[in-house]
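Trainee: Before I ask anything, here is the structure I am working with.
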Amino acid sequence: MSTTPLKLNRPLAMLRASHPEPAAAVTTVTALLCVGAGVDPVRAVGVTATVLASQLAIGWANDAIDASRDAQVGRADKPVATGGVTRRAAAVAAVVASLACVVIALVTSLTAAPVAILALLSALSYNWPVKFTVFSPLPYAVSFAALPSFVVLVAGDRVPVWLIAAGGLLGVGAHFANVVPDMADDERTGVRGLPHRFGPQGSLAASGVLLLIVTALLIFGPPGPPGPVQAVAGAFAATVLLAGAYFGRRSSARHWAFRGVMGVALVDVVLLVAGGVLG
Numbered sequence: 054m055s056t057t058p059l060k061l062n063r064p065l066a067m068l069r070a071s072h073p074e075p076a077a078a079v080t081t082v083t084a085l086l087c088v089g090a091g092v093d094p095v096r097a098v099g100v101t102a103t104v105l106a107s108q109l110a111i112g113w114a115n116d117a118i119d120a121s122r123d124a125q126v127g128r129a130d131k132p133v134a135t136g137g138v139t140r141r142a143a144a145v146a147a148v149v150a151s152l153a154c155v156v157i158a159l160v161t162s163l164t165a166a167p168v169a170i171l172a173l174l175s176a177l178s179y180n181w182p183v184k185f186t187v188f189s190p191l192p193y194a195v196s197f198a199a200l201p202s203f204v205v206l207v208a209g210d211r212v213p214v215w216l217i218a219a220g221g222l223l224g225v226g227a228h229f230a231n232v233v234p235d236m237a238d239d240e241r242t243g244v245r246g247l248p249h250r251f252g253p254q255g256s257l258a259a260s261g262v263l264l265l266i267v268t269a270l271l272i273f274g275p276p277g278p279p280g281p282v283q284a285v286a287g288a289f290a291a292t293v294l295l296a297g298a299y300f301g302r303r304s305s306a307r308h309w310a311f312r313g314v315m316g317v318a319l320v321d322v323v324l325l326v327a328g329g330v331l332g
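According to the numbering used here, the sequence shown holds residues 54 to 332 in order.
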């Protein structure tokens, strides 16, 4: 983690404060899910814009709420913590983006909008106060389950139970893996979510097990027998997670276990996009 503040002009600093990398990743996955689910182009734009607005809101809210904590541990990559963006500006941007998310969702689909709004509220609740508690995985489960559900509902289809379960468990698995790199800083500033109580090795193990279950759901959940792609994905996930479990026992090699877990998460996302909503 860098301790040298990034020199950014105000627009770029605002963009950085929105957590653009995860926002872009989730928005891209949403667009691909729309294609896989057969959402018509106009509504697909609405769905994608809804999710983008929600991601921006979550990122800005996170930096506004965590400004003091981020400054305490020297998070030079956080513009609000370094003074590149004021806390008020980030908070106002989060409110505006949240309202935009709600409006766009309602315009896109009145019946599916409550699911998108639930995902937004759930994710915002993680920023405060849920991430400080043992219930920290809950917002991830709700919001990740809601994402493919929102897409399928807009497409006019029924959401299968296995897809909801896969989305929710993918979110929880991602949560357990995502906190590992920042676990020490979190502990210093009073964040004690469920993964922190497991510790780095326990969190990676929990994440691996959850993602393996997700892989199985995405392979065997859709109608019909699994194809070659699903078989290869399943073998890859099992191999990587077994290797991660072996190497993760040594703290010096734990970063490889982390990368392996994230690799399986990526495979699960590909399965979700390629076959999940199509099934």
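Glycine residues also receive a C-beta, built at the ideal position from the N, C-alpha and C atoms.
#1: Quick one: any contact between the segment 200-211 and the segment 173-181, if contact means 3 or more CB pairs under 8 Å?
#2: Look up Ser-71 in the DSSP assignment and say whether it is helix, strand or coil.
#3: For Leu-206, which residues in the same chain have their Cβ closer than 8 Å to its Cβ, ignoring the five residues on either side in sequence?
#4: So, helix, strand or coil for Leu-319, using DSSP?
#5: How about Gly-137: is its C-beta nearer than 7 Å to some C-beta of chain C?
#6: Where does Asn-62 sit, in a helix, a strand or coil, going by DSSP?
#7: Between Ser-175 and Pro-190, is the Cβ-Cβ spacing less than 7 Å?
#8: Is it a yes or a no for the segment 89-97 touching the segment 218-236, going by three-plus beta-carbon pairs under 8 Å?
#9: In three-state DSSP terms, what is Trp-215?
#10: Whose CA, out of Leu-295, Ala-269, Leu-294, lies closest to the CA of Gln-283?
#11: Helix, strand or coil for Pro-94, going by three-state DSSP, please let me know.
#12: So, is Leu-294 buried or exposed, given that buried needs 16 or more other C-beta atoms within 10 angstroms?
Mentor: In short:
#1: no
#2: Here residue 71 refers to the residue found at position 18 of the sequence shown. DSSP places Ser-71 in coil when its eight states are reduced to three.
#3: Here residue 206 corresponds to residue number 153 of the sequence shown, with the count starting at 1. Contacts found: Ser-162, Thr-164, Ala-165, Val-168, Val-212.
#4: Looking up residue 319 in the sequence shown gives position 266. In the structure shown, Leu-319 sits in a helix (DSSP, three-state: H, G or I).
#5: This model lacks chain C altogether, as it is built from one protein chain only.
#6: For the purposes of this step, residue 62 is taken as residue 9 along the sequence shown, with counting starting at 1. Correct three-state label for Asn-62: coil.
#7: As a first step, residue 175 is located in the sequence shown; it is residue number 122 there, counting from the start. As a first step, residue 190 is located in the sequence shown; it is residue number 137 there, counting from the start. Not closer than 7 Å, so no.
#8: no
#9: By 1-based counting over the sequence shown, the position of residue 215 is 162. Correct three-state label for Trp-215: helix.
#10: Here residue 283 corresponds to residue number 230 of the sequence shown, with the count starting at 1. Closest by alpha carbon: Ala-269.
#11: Residue 94 sits at position 41 when you count from the first residue of the sequence shown. Correct three-state label for Pro-94: helix.
#12: Sequence index remark: in the sequence shown, residue 294 carries index 241 (1-based). Per the 10 Å Cβ criterion, buried.
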